[in-house]
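Participant:
2 protein chains.
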Amino acid sequence: MKCTICRGQAALEIRRHNAAFCAPHFLEFFERQVERAVRDQKMFTHENRVLVAVSGGKDSLALWDVLLRLNYRATGLYIHLGIGAYSEESRAKSVAFAQSRGADLIVVDLPQEHGMNVEELARNSGRVSCSACGLSKRYIFNKVAVDQGFDVVATGHNLDDEAAVLMGNLLHWQVEYLVRQAPVLPSTHPRMVRKVKPLYRIAEREAAAYAVLRGIDYIVEECPNSLGARSLLYKEALNMLEAQSPGTKQSLYWGFLEHMRPRLAAVQEGVTLRDCLHCGQPTTGEVCAFCKMTERAAARMRARLVRAQPASSGPPPEETVAAGVPAGDAVDPAAIAGEPIGLPSGPDDRA
Amino acid sequence: MKCTICRGQAALEIRRHNAAFCAPHFLEFFERQVERAVRDQKMFTHENRVLVAVSGGKDSLALWDVLLRLNYRATGLYIHLGIGAYSEESRAKSVAFAQSRGADLIVVDLPQEHGMNVEELARNSGRVSCSACGLSKRYIFNKVAVDQGFDVVATGHNLDDEAAVLMGNLLHWQVEYLVRQAPVLPSTHPRMVRKVKPLYRIAEREAAAYAVLRGIDYIVEECPNSLGARSLLYKEALNMLEAQSPGTKQSLYWGFLEHMRPRLAAVQEGVTLRDCLHCGQPTTGEVCAFCKMTERAAARMRARLVRAQPASSGPPPEETVAAGVPAGDAVDPAAIAGEPIGLPSGPDDRA
Chain D
1 MKCTICRGQA ALEIRRHNAA FCAPHFLEFF ERQVERAVRD QKMFTHENRV
51 LVAVSGGKDS LALWDVLLRL NYRATGLYIH LGIGAYSEES RAKSVAFAQS
101 RGADLIVVDL PQEHGMNVEE LARNSGRVSC SACGLSKRYI FNKVAVDQGF
151 DVVATGHNLD DEAAVLMGNL LHWQVEYLVR QAPVLPSTHP RMVRKVKPLY
201 RIAEREAAAY AVLRGIDYIV EECPNSLGAR SLLYKEALNM LEAQSPGTKQ
251 SLYWGFLEHM RPRLAAVQEG VTLRDCLHCG QPTTGEVCAF CKMTERAAAR
301 MRARLVRAQP ASSGPPPEET VAAGVPAGDA VDPAAIAGEP IGLPSGPDDR
351 A
Chain F
352 MKCTICRGQA ALEIRRHNAA FCAPHFLEFF ERQVERAVRD QKMFTHENRV
402 LVAVSGGKDS LALWDVLLRL NYRATGLYIH LGIGAYSEES RAKSVAFAQS
452 RGADLIVVDL PQEHGMNVEE LARNSGRVSC SACGLSKRYI FNKVAVDQGF
502 DVVATGHNLD DEAAVLMGNL LHWQVEYLVR QAPVLPSTHP RMVRKVKPLY
552 RIAEREAAAY AVLRGIDYIV EECPNSLGAR SLLYKEALNM LEAQSPGTKQ
602 SLYWGFLEHM RPRLAAVQEG VTLRDCLHCG QPTTGEVCAF CKMTERAAAR
652 MRARLVRAQP ASSGPPPEET VAAGVPAGDA VDPAAIAGEP IGLPSGPDDR
702 A
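Protein chains in written order, with this note's numbering: chain D, 1 to 351; chain F, 352 to 702.
1. Throw me the rounded Cβ distance for the Ala505(F) and Val571(F) pair, which I believe falls under 8 angstroms.
2. Should Met1(D) be labelled buried (16 or more other beta-carbon atoms within 10 Å of its own) or exposed?
3. May I ask you to report which of helix, strand or coil DSSP gives Leu428(F)?
4. Quick one: grab the DSSP three-state call for Phe21(D).
5. Cutting at 7 angstroms between CB atoms, please list the residues of its own chain near Ala164(D), excluding the five before and the five after it.
6. Would you tell me roughly how many angstroms separate the C-alpha atoms of Val657(F) and Ile434(F), rounded to the nearest one?
7. Counting only the same chain and skipping the five closest in sequence on each side, list residues whose C-beta sits under 8 angstroms from that of Leu608(F).
8. I'd like to know whether the C-beta atoms of Ala483(F) and Met644(F) end up nearer to each other than 8 angstroms.
9. Give me the Cα-Cα distance between Ser438(F) and Leu432(F), rounded to the nearest whole angstrom.
10. Alpha carbon to alpha carbon, what distance is there between Val385(F) and Leu414(F)?
11. Any Cβ of chain C within less than 8 angstroms of the Cβ of Ser231(D)?
12. Counting only beta-carbon separations shorter than 8 angstroms, does Glu120(D) have a partner in chain F?
13. Using the Cβ count rule (16 or more neighbours within 10 Å means buried), how would you classify Val271(D)?
14. Look at the alpha carbon of Leu12(D) and the alpha carbon of Ala23(D), and state the distance between them as a whole number of angstroms.
15. May I ask you to report which of helix, strand or coil DSSP gives Glu573(F)?
16. Rank Lys488(F), Thr635(F), Cys357(F) by C-alpha distance to the C-alpha of His465(F) and give the top, closest one.
17. Which value, in whole angstroms, describes the spacing of the CA atoms of Ala659(F) and Ala594(F)?
18. If you drop the 5 nearest sequence neighbours on each side, which residues of the same chain put their C-beta closer than 7 angstroms to that of Ala443(F)?
19. How would you write the range of the alpha helix (DSSP H) that Ala10(D) sits in, first residue to last?
20. When the cut-off is 8 angstroms and only beta carbons count, does Ala237(D) lie next to chain F?
21. Of all the options Pro613(F), Ala559(F), Arg655(F), Tyr569(F), which has the alpha carbon lying nearest to the alpha carbon of Val405(F)?
22. Under a three-way DSSP split, which group does Gly314(D) fall into?
23. Between Leu510(F), Ser577(F), Arg400(F), which lies nearest to Arg367(F) when the distance is taken from Cα to Cα?
24. Answer yes or no: does any C-beta atom of chain F fall closer than 8 angstroms to that of Leu159(D)?
25. Could you run through the segment 256–284 of chain D and flag, in chain order, every residue whose CB is less than 8 angstroms away from some CB of chain F?
26. Cutting at 7 angstroms between CB atoms, please list the residues of its own chain near Ser480(F), excluding the five before and the five after it.
27. For the candidate residues Leu227(D), Glu176(D), Asn142(D), whose alpha-carbon lies nearest to that of His610(F)?
28. Throw me the rounded Cβ distance for the His557(F) and Ile365(F) pair, which I believe falls under 8 angstroms.
29. With a cut-off of 8 angstroms, does the C-beta of Cys357(F) fall near any C-beta of chain D?
30. Tell me the rounded alpha-carbon separation between Gly359(F) and Met518(F).
31. Report the rounded CA-to-CA distance for Trp173(D) versus Met591(F), giving the unit in angstroms.
32. Check whether chain F comes within 8 angstroms of His172(D), counting only Cβ atoms and requiring the distance to be less than that.
33. For Phe492(F), which residues from the same chain have a beta carbon less than 6 angstroms from its beta carbon, with the 5 sequence-adjacent residues on both sides left out?
Here it is, written out as structure tokens:
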């Protein structure tokens with residue numbers, strides 16, 4: 001197989017483009033695709049400050065890398081979720097990448113700031129892990145961006161991610177999620193920054209190839225909580241269809257943007273954002289979903305601590321104490337609750 | 352596994368309904384589902400004359416059977432397409448079923464009436480087989496219904512068929528086909544009868560189970576031309592998703608009808624049907640697609656016959672003569688062309 005550009009030995013075939021590239025021309029192709037996405041969709045300019053949501057995986061590190069190479073003002077944001085060894089390793093990879101590129105990385109530590117890791121937050125608030133995680137990430141991305149004056153949050157969602165989420169939303173016709181699925185979600189409130197997906201033209205294996213060819217050391221494992229997730233099933237189905245008919249994922253997602261999204265525009269009309277009574281972040285209700293989740297979790301944890309520590313007995317048994325909460329301390333719900341977000345939580349939750 | 356109704360031994364589990372049935376209660380369930388489809392969607396009444404498109408397969412024979420049991424005025428229409436042994440066997444099954452039920456069956460013989468079987472028609476008109484076949488069937492179903500005073504054409508498309516076609520149309524966002532996908536396509540012209548799909552609530556395996564339990568002798572083989580068809584690939588993908596999450600096909604199709612179709616309604620506004628200049632059937636263009644196809648095929652076949660029979664030589668070599676056309680005869684294109692239909696040909700072509 002020969003490179004479409006130079007006729008040298010190709011390193012990667014891209015069937016949906018009916019093309020193949022050697023390593024240098026693939027890297028060029030990749031950068032051009034990202035630049036085109038940014039420009040065509042008016043995601044941001046070279047003057048804008050871009051906050052890149054970094055998970056330590058191939059997509060987000062490839063995105064950050066290519067934005068830096070294209071001379072965008074890209075700062076990383078890593079959220080430490082406290083998912084055991086997975087989180088430790090992904091943080092280490094993110095920090096190492098930032099250092100190797102001399103780039104700024106903001107780290108938010110969920111257990112440290114909210115007294116619970118994401119699994120405890122989920123359990124104590126009655127949510128499934130991926131829902132609590134997605135809600136937390138969306139909230140924190142937005143809050144950090146607003147507080148620190150970024151113009152836009154960029155996430156590493158690739159074509160495979162978008163097509164799989166879309167497939168799920170179409171299979172169950174979740175119209176309120178379909179409305180929110182786009183490469184650019186414009187700001188609808190002064191404290192709600194624009195969200196963009198500059199890799200929406202890039203397939204998953206292309207992001208992996210880019211990361212490998214650029215020598216990026218990324219975490220290969222998927223989040224342990226994502227095992228058995230619906231999105232993986234949708235990816236499997238789409239991979240089967242793509243293998244038989246290259247371009248299927250692209251035609252699904254791009255066709256949706258062209259033919260379906262304009263017809264959904266009216267759905268969001270009349271949605272008014274107001275300030276969350278507890279944290280002031282924009283929300284559709286009185287109290288935002290993040291406040292509700294963290295407050296509920298804090299209350300439940302406090303009740304457990306009280307049960308475990310009756311009258312003036314000794315410190316509570318180790319296993320009832322949530323990670324990050326000093327044993328025996330009373331937990332101030334306000335300190336835990338902190339900050340919320342108001343939009344409905346979608347399945348579109350990856351950083 | 353026990354029957355949900357009588358707690359006897361269940362013969363069939365229906366996971367999307369969270370139910371299981373013994374044979375008698377399954378047959379009852381099946382009839383109820385069909386009756387509900389007919390009634391809820393206002394497909395037809397007991398006064399209407401229903402033309403059932405019969406292929407000899409499980410779906411169309413099950414449909415015909417259940418409509419007769421429910422005392423609808425259901426006449427069968429079998430189109431002999433001339434696809435070798437497959438067509439011979441499917442005709443035999445259809446005729447035998449009609450005889451066993453004392454029901455009326457109309458048989459239209461494509462090679463006899465149009466001088467070519469469906470594969471020759473496809474080859475000579477530059478269409479793929481399934482496209483020529485679908486167009487011919489839609490044309491003939493409608494023409495026979497109009498000419499013989501039927502109120503409605505009913506086809507045996509089941510939930511799996513509809514979900515697979517929908518999946519294909521969504522993957523490639525074929526909006527003009529999406530508009531036409533519904534359990535009921537109302538008549539939009541005095542010579543265009545209503546088309547209905549009373550099995551749209553029934554899964555493929557349920558139609559097969561019904562046919563087996565009722566002792567219907569149907570043709571098990573799929574049409575040989577359908578091997579490798581896209582629709583089978585979509586069915587495979589949907590089966591994978593359904594296995595993991597029962598109800599997926601139903602939620603895909605029903606959700607589409609609820610959430611998407613109303614948004615597409617405007618697409619067909621402004622489409623004007625007029626009379627085909629050649630055959631008078633309703634069409635969107637000047638000459639309908641069926642006329643164009645049959646005339647083009649006839650012209651090409653005539654040209655071949657002329658080439659094979661120069662000046663006053665003997666009869667043409669056997670292999671250049673299309674089946675059904677008497678060797679050496681001049682072919683009158685008007686006799687072949689006959690009758691057309693105007694709507695765009697969709698992937699939704701099964702009888």
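Every residue, glycine too, gets a C-beta built ideally from N, C-alpha and C. Here the structure is a predicted model, which means the values were calculated and not measured.
Facilitator: A quick look at the data gives this:
1. Counted from its first residue, the second sequence places residue 505(F) at position 154. Counted from its first residue, the second sequence places residue 571(F) at position 220. So it is not a contact: roughly 22 angstroms between Cβ atoms.
2. On the first sequence, position 1 is the one that residue 1(D) refers to. By the C-beta density criterion, Met1(D) is exposed, having fewer than 16 other C-beta atoms within 10 angstroms.
3. As a working note, residue 428(F) is residue 77 in the second sequence. DSSP places Leu428(F) in strand when its eight states are reduced to three.
4. By one-based count along the first sequence, residue 21(D) stands at place 21. Looking at Phe21(D) - three-state DSSP - the assignment turns out to be strand.
5. In the first sequence, residue 164(D) corresponds to position 164, counting from 1. Around Ala164(D): Ser231, Tyr234, Lys235, Leu238.
6. Position 306 of the second sequence, counted from the first residue, corresponds to residue 657(F). Position 83 of the second sequence, counted from the first residue, corresponds to residue 434(F). Roughly 26 angstroms separates the two Cα atoms.
7. The residue given as residue 608(F) occupies position 257 in the second sequence. Correct list, in chain order: Ala533, Pro534.
8. Walking along the second sequence from the start, residue 483(F) turns up at place 132. Walking along the second sequence from the start, residue 644(F) turns up at place 293. The Cβ atoms of Ala483(F) and Met644(F) sit closer than 8 angstroms to each other.
9. For this step, residue 438(F) is matched to residue 87 along the second sequence. For this step, residue 432(F) is matched to residue 81 along the second sequence. Distance between the alpha carbons of Ser438(F) and Leu432(F) is about 6 angstroms.
10. Position 63 of the second sequence holds residue 414(F). Position 34 of the second sequence holds residue 385(F). Within the model, the alpha-carbon separation for Leu414(F) versus Val385(F) is close to 8 angstroms.
11. Checking the listed chains, one finds no chain C in this structure; the protein chains it contains are D and F.
12. Against the first sequence, residue 120(D) aligns to sequence position 120. Closer than 8 angstroms to the CB of Glu120(D) there is not a single CB belonging to chain F.
13. In the first sequence, counting from the first residue as 1, residue 271(D) sits at position 271. Taking all protein chains in view, the Cβ of Val271(D) is surrounded by fewer than 16 other Cβ atoms within 10 Å, so the residue is classified as exposed.
14. As a position in the first sequence, residue 12(D) is number 12, starting the count at 1. As a position in the first sequence, residue 23(D) is number 23, starting the count at 1. The alpha-carbon atoms of Leu12(D) and Ala23(D) are separated by roughly 8 angstroms.
15. Here the question's residue 573(F) lines up with position 222 in the second sequence. Glu573(F): coil per DSSP, three-state reduction.
16. In the second sequence, counting from the first residue as 1, residue 465(F) sits at position 114. The shortest Cα separation from His465(F) among Lys488(F), Thr635(F), Cys357(F) belongs to Lys488(F).
17. Against the second sequence, residue 659(F) aligns to sequence position 308. Against the second sequence, residue 594(F) aligns to sequence position 243. Rounded to whole angstroms, the separation of the alpha carbons of Ala594(F) and Ala659(F) is 56 angstroms.
18. As a working note, residue 443(F) is residue 92 in the second sequence. So the list is empty, once near-sequence residues are dropped.
19. Residue mapping note: residue 10(D) aligns to position 10 of the first sequence, counting from 1. For Ala10(D), no alpha helix (DSSP H) run applies, since DSSP gives it neither H nor E.
20. Along the first sequence, one-based indexing puts residue 237(D) at 237. Chain F, which has a Cβ nearer than 8 angstroms to the Cβ of Ala237(D), makes this yes.
21. Along the second sequence, one-based indexing puts residue 405(F) at 54. Per the Cα distances, Tyr569(F).
22. The residue labelled residue 314(D) in the question sits at position 314 within the first sequence. Because the pLDDT at Gly314(D) is just 49, under 50, the model does not fix this residue reliably, and the value given afterwards should be weighed accordingly. Gly314(D): coil per DSSP, three-state reduction.
23. The residue given as residue 367(F) occupies position 16 in the second sequence. Nearest of Leu510(F), Ser577(F), Arg400(F) to Arg367(F), Cα basis: Leu510(F).
24. For this step, residue 159(D) is matched to residue 159 along the first sequence. Put simply, the CB of Leu159(D) is far from chain F, with every gap to its CB atoms at 8 angstroms or more.
25. For the segment 256–284 of chain D, the set of positions with a beta-carbon nearer than 8 angstroms to some beta-carbon of chain F reads Phe256, Glu258, His259, Met260, Arg263, Leu264 in chain order.
26. Taking the second sequence and counting its residues from 1, one reaches residue 480(F) at position 129. Contacts found: Val469, Glu470, Ala473, Asn576.
27. Here residue 610(F) refers to the residue found at position 259 when the second sequence is read from its first residue. Of Leu227(D), Glu176(D), Asn142(D), the residue nearest in Cα terms is Glu176(D).
28. Position 206 of the second sequence, counted from the first residue, corresponds to residue 557(F). Position 14 of the second sequence, counted from the first residue, corresponds to residue 365(F). At residue 557(F) the sequence reads Glu, which differs from the His that was named. Right, their Cβ atoms sit about 7 angstroms apart.
29. Within the second sequence, numbered from 1, the residue matching residue 357(F) stands at position 6. It does not; no Cβ of chain D falls within 8 angstroms.
30. What you label residue 359(F) is simply residue 8 of the second sequence in a count that begins at 1. What you label residue 518(F) is simply residue 167 of the second sequence in a count that begins at 1. Cα to Cα, Gly359(F) sits roughly 37 angstroms from Met518(F).
31. Locating residue 173(D) in the first sequence gives position 173, where the first residue counts as 1. Locating residue 591(F) in the second sequence gives position 240, where the first residue counts as 1. Roughly 19 angstroms separates the two Cα atoms.
32. Stepping through the first sequence from its first residue, residue 172(D) is reached at position 172. Against chain F, the CB of His172(D) has a partner CB under 8 angstroms away; the residue lies at that interface.
33. One-based indexing of the second sequence puts residue 492(F) at position 141. These residues qualify, in order along the chain: Ala404, Val504.
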